[in-house]
Structure formats: C-alpha cells, structure tokens
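Comments concern the structure below.
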Amino acid sequence: MKLYKANILYTPSPTQLETLQGGYIAVDDNGLVEGTYASLPDHLKDCQVTDLGDQLLIPAMNDLHLHAPQYCNTGMAMDMRLLEWLETYTFPEENRFADTHYAQRIYSRFVHDLWLNGTMRSAIFASIHPQATTLLADLISNSGMGAMVGLVGMNRNCPEYLQNTTQSVVDDMKQLINHLKDNPRVKPILTPRFVPTCTDDMLDAMAQLAQEYNLPVQSHLSENPSEIEWVKELQPESANYGDAYYRHGLFGHTPTLMAHCVYTDGDEMELMARQGVVAVHCPTSNSNLASGTARVRHLLDGGVKVALGSDISGGNTMWMMAVMQHAMQVSKIVHAHTQGNEHFLSLNEVMWLATKSGGSFFGKVGSFEPGYEFDAIAIDDSQLAACGNYTLAQRLERFIYLGAPTHITHRYCSGKEVDEPTIIA
Ligand code: GUN
Ligand code: FE
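So for the sequence shown, my numbering puts the first residue at 2; every next one is plus one.
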C-alpha cells in the first residue's frame, strides 16, 4: 500500500465534487484506490507517505478522440470546413506515416506531449499504416500510459495513396490484436474512418472482427452538414447516419465511441442511447472546422453517454483543460440560442466528462472512489493561488481556466508514476 497526501479533488458524478484538504489517498499494490481519508487512518499508520504538500491531486485526463498522425498540423490549417480540410491538409499529412522513421519521430513527440498535458488515457486514430501504428502502440505501452489504438480503415472516396483494402485491414488488425494481446493498458480498437470512406464490405469485416475478438469501435458521426448529406446518398437505405453504422454491426454491438454528434437528434439520438454508444464531444474541433456545436445537454438528457475529445488536429490543443473550457463556453452559446431551454454545462460536469465519464471506457478509471485505478495528476498551482484565499473548488476552477502543463508536477497511471517519455530525434 502507498499513501499520497495532498488536496484531493474528484467528481463521482456530474453534480458532485469531493474535496479533501490535506487528505490521504491509499493505493494498493495493484494500483487501485483503497480509499480516501480526511486524516491518516490507523490501519495505514505504517505505510510510506508521499507528501505533495499544498498541491492539488485530481484524476488524470482522458482524451476519447484524437488523431496521432495529424499532430504536426495542430494549431494551423483551420481555414476550411471538414471535407475540404481533409483533402487539403489532413490526408497528405497522414500519408507521411508510410515512412516509419518519420512516424517514430512524430509519434514519440506525440506520446511525450500526452504525458506533458496530463492525459494518461486516450482513444487514438492512427493511420492506414500498420508499422507506424504498431510503433505508436509500443511507444504508449513503454511510457506506462494507457490507450486504445486503431489502424484506420478507408477504401473509397479518398486519395488512392491513403487507401487500404478490406483484406489488408483485417490482416493488419489481426496482427495488431496479436501484438497487444497480453498488454495490460494498450488495446486495439476497430477504426473505420467514417461512412463516406468505407465500403459496406469494409464495415462488415470490421464488425466481424469486433464480434470475434470482443473489441471496441471508434468512428465519426454527424459532424458536418455536407458529410451528413453525403452519407444519405451513399447509404440511402439507412434511416440516419448512425443507423448506417448500426446496420453494419458497428453501433454499440461492442463498446463504441462516435466523435462529434453535432447534428445528432431524434431517432439517431435514441438509437445511440439505446445502444449505449458514447458521443465524444470535441468542442474545439467543431468550432475550428465551423462544424457547429454538439448539444451536450440535449444528448445527456436523452440518455446518451458523453465524453470529451481534443480531436487533434481539427482541435487546436491536446490540453484537456482547454477542451473543458471550450465545452463550457460553447454550451453557453447553445443555452442562449435555445432561450435557456438547454442549460449550459457546469465546471463540475465538464470535469466529470474529462475524468470519470471518459475514463469509464477504460474500465474503472477517472475517479478516486475505492476500486478505481489510480490515474492522477498533481498540480502546483501556487502561482495561481497566490492572489487570494481560494477554496479548493475555486483553485480547481482557476487551474482549468488558467493552468498550463508546467503546473503539473507528477503524473500517475494505474498506480505508477509515469516518467517523462523520450523524444526520438
Ligand atoms: N471525419 C473523418 N475523418 C476525420 C478527421 O480526421 N477529423 C475530423 N474532425 N473528422 C473526420
Ligand atoms: Fe476526428
């Protein structure tokens, strides 16, 4: 057993913030939280204590949607909407990951920066390239962090240089599945890019793999009006975009993440709720690509599970505090545009989305309740806290709005401290 002493904050539910000033958190030898305590409990008197002083200790961030091979485009090239943006900027950059040396250089930086930003678990789109994808999975695994990594399937309506085939996706995914079969924290995830770039045959093959190996699925859904119109033309028999995935066995048949859901409503929303499909809200991306903004309150009220994603590089930052900020800010625009009917998101809610809600995709992750994996970041906010007598809740709020990666002093994943990963030149 290990003990950490700090100012502990976590969100067991969308409306609850637990705070313990100078509290203790006990972590067992399997890396699981044994309990949190306001004072040192008798049965733990002999345990070694890591004293984090006046720092904040919160659950680590979970990023449920981002594209590793778009990392070099982060923070630029956002002058177009989705389909033009993909053709002009995104596909050419992803093509560079055919070169394994390039992939190693960029992916090692990408993994380093996940660490830097306090994101200990993520659901990642790689590219069509199997060697680069395996390399990414290995870099994350070696770092000590956790992830779901997907080799992207795409075999139509995109440049020929960036297409694979149904057969190659099946073969390459089987290799990745085998490569990761005993990996405790890095798992494969079936990743059809989105309906427009995948033939029926490819979607069916992915669903079959998902069933056979009991693997999760990730894709994109209802992000942009032109995309949605296109899906209607391509899949006229489907009642809606989500139904196109559903009819192919890729919509909650196994755990499923659908990024964006900006235009999801009505039957599509009901289907998501019924199938337990997670809507991954990517507010920075939706603003940058002029997609609109997902109605998160409407989705939550409709019983849809929601998590947060940075969507690098539609999103301009990996920093999940910025994603949380933006989620709150755009929800206030939705609030105003619905005459207050759809209430905006609270700080507690976005914190819960980035920690416990997103973390649940990886098991018992994202909270400090007993039995949860100890994934945490320690924060020295003394510079931010210096100008007032703030409560712990206020300190958390100021960190989310004003904090930076340099304020993070320690990162833990599954009970172990994660050291700075090496960047390969
Ligand atoms: N839809 C299909 N591919 C992509 C992508 O790379 N980024 C985003 N934001 N949407 C997509
Ligand atoms: Fe995306």
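Cβ atoms here follow ideal geometry from the backbone N, Cα and C, with glycine treated the same way.
### Query
Can you list the alpha helix (DSSP H) stretches of 4 or more residues lying completely in the stretch 331 to 406, in chain order?
348 to 353, 383 to 386, 393 to 403
### Task
With the ligand FE as the reference, list in chain order each residue whose Cβ lies under 6 Å from any of its heavy atoms.
H66, H68, H221, A260, D312, G315
### Task
Have a look at S220, G243, F369 and flag the residue whose alpha-carbon is nearest the alpha-carbon of I125.
Within the sequence shown, residue 125 is the residue found at index 124, counting from 1. Minimum Cα distance to I125 is reached at S220.
### Query
Which class does I125 belong to by DSSP, given the choice of helix, strand or coil?
In the sequence shown, the residue the question calls residue 125 occupies position 124. Of the three classes helix, strand and coil, the one that applies to I125 here is strand, per DSSP.
### Task
Find the nearest neighbour of V297 within the set M322, Y264, A323, judged by alpha-carbon distance.
Numbered from 1 along the sequence shown, position 296 holds the residue referred to as residue 297. It is Y264.
### Query
How should A405 be labelled, buried or exposed, when 16 other C-beta atoms within 10 angstroms of its C-beta is the threshold for buried?
Within the sequence shown, numbered from 1, the residue matching residue 405 stands at position 404. Result: exposed.
### Message
Cutting at 6 Å between CB atoms, please list the residues of its own chain near E35, excluding the five before and the five after it.
### Response
Working through the sequence shown from its first residue, we reach residue 35 at position 34. Once the five neighbours on either side are set aside, the close Cβ partners of E35 are A27, D29.
### Task
Verify the contact flag: S1, CB atom, against every heavy atom of the ligand GUN, threshold strictly below 8 Å.
Since the first residue of the chain shown is 2 and the last is 426, residue 1 is not available in this structure.
### Task
Could you tell me whether the stretch 90 to 98 touches the stretch 333 to 342, where touching means 3 or more Cβ pairs closer than 8 Å?
no
### Query
Would you say the beta carbon of Q71 comes nearer than 8 Å to a heavy atom of the ligand GUN?
On the sequence shown, residue 71 is found 70 positions in, with the first residue counted as 1. Answer for Q71: yes, Cβ within range of the ligand GUN.
### Message
Can you list, in chain order, the residues of its chain with a C-beta nearer than 8 Å to that of Q49? Leave out the 5 residues immediately preceding and following it.
### Response
Taking the sequence shown and counting its residues from 1, one reaches residue 49 at position 48. Answer for Q49: K3, L4, listed in chain order.
### Query
Whose CA, out of E213, Q168, P217, T134, lies closest to the CA of L446?
The question about residue 446 has no answer here: the residues shown for the chain are numbered 2 through 426.
### Query
Excluding the five sequence neighbours on either side, which residues of its own chain have a C-beta within less than 7 Å of the C-beta of K188, listed in chain order?
Residue mapping note: residue 188 aligns to position 187 of the sequence shown, counting from 1. Excluding sequence neighbours, K188 sits near M149, L181.
### Query
Taking 8 Å as the cut-off, is the CB of L428 close to at least one heavy atom of the ligand GUN?
The chain is shown from 2 up to 426; residue 428 falls before or after that span and cannot be answered.
### Query
To which residues of the same chain is A240 closer than 7 Å at the C-beta, ignoring the five residues directly before and after it?
Locating residue 240 in the sequence shown gives position 239, counting from the first residue. Excluding positions up to five away in sequence, the list reads D268.
### Message
Pull the bridge partners of A280 from the DSSP assignment, please.
### Response
Against the sequence shown, residue 280 aligns to sequence position 279. DSSP lists M259, V307 as partners of A280.
### Query
By how many angstroms is the C-alpha of E271 removed from the C-alpha of Y247?
Residue mapping note: residue 247 aligns to position 246 of the sequence shown, counting from 1. Residue mapping note: residue 271 aligns to position 270 of the sequence shown, counting from 1. Distance between the alpha carbons of Y247 and E271 is about 12 Å.
### Query
Would you say the beta carbon of T91 comes nearer than 8 Å to a heavy atom of the ligand GUN?
If you number the sequence shown from 1, residue 91 lands on position 90. Yes, the beta carbon of T91 sits closer than 8 Å to at least one heavy atom of the ligand GUN.
### Query
Under the rule that 16 or more other beta-carbon atoms within 10 Å means buried, what is G154, buried or exposed?
For the purposes of this step, residue 154 is taken as the residue at position 153 of the sequence shown. Looking at its Cβ environment, which holds 16 or more other Cβ atoms inside 10 Å, G154 is buried.
### Query
DSSP state of T285, grouped into three classes?
The residue you call residue 285 lines up with position 284 of the sequence shown. Of the three classes helix, strand and coil, the one that applies to T285 here is helix, per DSSP.
### Query
Would D43 be called buried (16 or more neighbouring beta carbons within 10 Å of its own) or exposed?
Within the sequence shown, residue 43 is the residue found at index 42, counting from 1. Exposed: under 16 other Cβ atoms inside 10 Å.
### For G316 and A104, the rounded distance between their alpha carbons
Here residue 104 is taken as the residue at index 103 of the sequence shown, counted from 1. Here residue 316 is taken as the residue at index 315 of the sequence shown, counted from 1. Cα to Cα, the separation comes out at about 20 Å.
### Message
One question on the structure: do L346 and M321 come within less than 9 Å of each other, judged by their Cβ atoms?
### Response
As a working note, residue 346 is residue 345 in the sequence shown. As a working note, residue 321 is residue 320 in the sequence shown. Going by C-beta atoms, L346 is not nearer than 9 Å to M321.
### Query
Should G119 go down as buried or exposed, given a rule of 16 or more other Cβ atoms within 10 Å for buried?
As a first step, residue 119 is located in the sequence shown; it is residue number 118 there, counting from the start. Counting Cβ neighbours within 10 Å, G119 comes out buried, since at least 16 surround it.
### Query
How many Å lie between G32 and I107 at the Cα?
Working through the sequence shown from its first residue, we reach residue 32 at position 31. Working through the sequence shown from its first residue, we reach residue 107 at position 106. Rounded to the nearest angstrom, the two C-alpha atoms are 30 Å apart.
### Range covered by the beta strand (DSSP E) that runs through R412
Numbered from its first residue, the sequence shown carries residue 412 at position 411. First-last of the beta strand (DSSP E) with R412: 409 to 414.
### Message
Which residue marks the beginning of the beta strand (DSSP E) containing N8, and which one marks its end?
### Response
As a working note, residue 8 is residue 7 in the sequence shown. Segment 3 to 14, the beta strand (DSSP E) holding N8.
### In chain order, each alpha helix (DSSP H) run of at least 4 residues that lies wholly inside the stretch 67 to 106
83 to 86, 92 to 96
### Query
Going by beta carbon distance, what residues of the same chain come within less than 6 Å of G360, once the five residues before and after it are set aside?
Along the sequence shown, read from residue 1 onward, the residue named residue 360 stands at position 359. Cβ neighbours of G360 beyond the five flanking positions: N63, V366, G367.
### Message
Looking at the secondary structure, which residues open and close the beta strand (DSSP E) in which G316 lies?
### Response
On the sequence shown, residue 316 is found 315 positions in, with the first residue counted as 1. Element bounds for G316: n/a, residue is neither H nor E.
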